[in-house]
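K.L.:
All the letters of the sequence shown, read from the start, carry residue numbers 6 to 110 under the numbering used here.
Glycine is no exception: its CB is placed at the ideal position from the N, C-alpha and C atoms.
All values reported here derive from a predicted model rather than from experimental measurement.
I'd like to ask you about the structure that follows.
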Amino acid sequence: MECGKELPEGARFCPQCGAPVAMTEWEEFQVSADDLVKRVKELIKEGNIRRVVVRNEAGKNLLEIPVTFGVIGALLAPQLAALGAIAALATRCTIVVERAKKSGD
6 MECGKELPEG ARFCPQCGAP VAMTEWEEFQ VSADDLVKRV KELIKEGNIR
56 RVVVRNEAGK NLLEIPVTFG VIGALLAPQL AALGAIAALA TRCTIVVERA
106 KKSGD
């Protein structure tokens, strides 16, 4: 959502700003801890990412990064540092990515 407001399940419009809710799709990637930070950076650079969730091998959410338009560089530094700490403690992780659906999908 453009305003960053958390949306209720099934919402078609944002309760904060009234903007229509774009359709999204979810993808999951299994990565080794060594590749975690690199893969998350690659996904964010793609530009159509709304949210990145990192889960441990048991499926527990370790970190959630909302990715809003224009969030790059220094604004992501704290989250990327946290990813580095997670990578130091984990062996394998799942990256769950929420993407904006392409028009016509």
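1. By DSSP, does Gln21 sit in helix, in strand, or in coil?
2. Using only the alpha-carbon positions, how far apart do Thr29 and Arg60 sit?
3. Using a threshold of 8 angstroms, state whether the C-beta atoms of Leu88 and Val45 are closer than that.
4. Give every residue of the same chain whose Cβ lies closer than 8 angstroms to the Cβ of Leu85, excluding the five residues on either side of it in the sequence, and list them in chain order.
5. Could you say which of Phe18, Gly64, Val58, Val72 lies nearest to Gly52 if we only look at CA atoms?
6. In terms of residues, what are the limits of the beta strand (DSSP E) holding Leu67?
7. Which one of Phe18, Pro20, Val26, Cys98 has the shortest CA to CA distance from Gly64?
8. Going by Cα to Cα distance, which pick from Glu11, Ala105, Leu67 is closest to Ile3?
9. What number of angstroms, rounded off, separates the C-alpha of Ile49 from the C-alpha of Ala24?
10. Mapping DSSP to helix, strand and coil, what is Glu62?
P.N.:
The relevant details are as follows:
1. Position 16 of the sequence shown, counted from the first residue, corresponds to residue 21. Correct three-state label for Gln21: coil.
2. Taking the sequence shown and counting its residues from 1, the one referred to as residue 29 is at position 24. Taking the sequence shown and counting its residues from 1, the one referred to as residue 60 is at position 55. Computed Cα separation, rounded: 20 angstroms.
3. Working through the sequence shown from its first residue, we reach residue 88 at position 83. Working through the sequence shown from its first residue, we reach residue 45 at position 40. Yes, they are a contact pair.
4. Counted from its first residue, the sequence shown places residue 85 at position 80. Cβ within range, chain order: Val42, Val45, Lys46.
5. For the purposes of this step, residue 52 is identified with residue 47 of the sequence shown, where counting begins at 1. The residue with the shortest Cα to Cα distance from Gly52 is Val72.
6. On the sequence shown, residue 67 is found 62 positions in, with the first residue counted as 1. Element bounds for Leu67: 66 to 71.
7. In the sequence shown, residue 64 corresponds to position 59, counting from 1. Selected option, being the one with the closest Cα: Cys98.
8. The requested residue 3 does not occur in the structure, where the chain is confined to residues 6 to 110.
9. In the sequence shown, counting from the first residue as 1, residue 49 sits at position 44. In the sequence shown, counting from the first residue as 1, residue 24 sits at position 19. The alpha-carbon atoms of Ile49 and Ala24 are separated by roughly 23 angstroms.
10. Along the sequence shown, read from residue 1 onward, the residue named residue 62 stands at position 57. The answer is coil: DSSP assigns Glu62 none of H, G, I, E or B.
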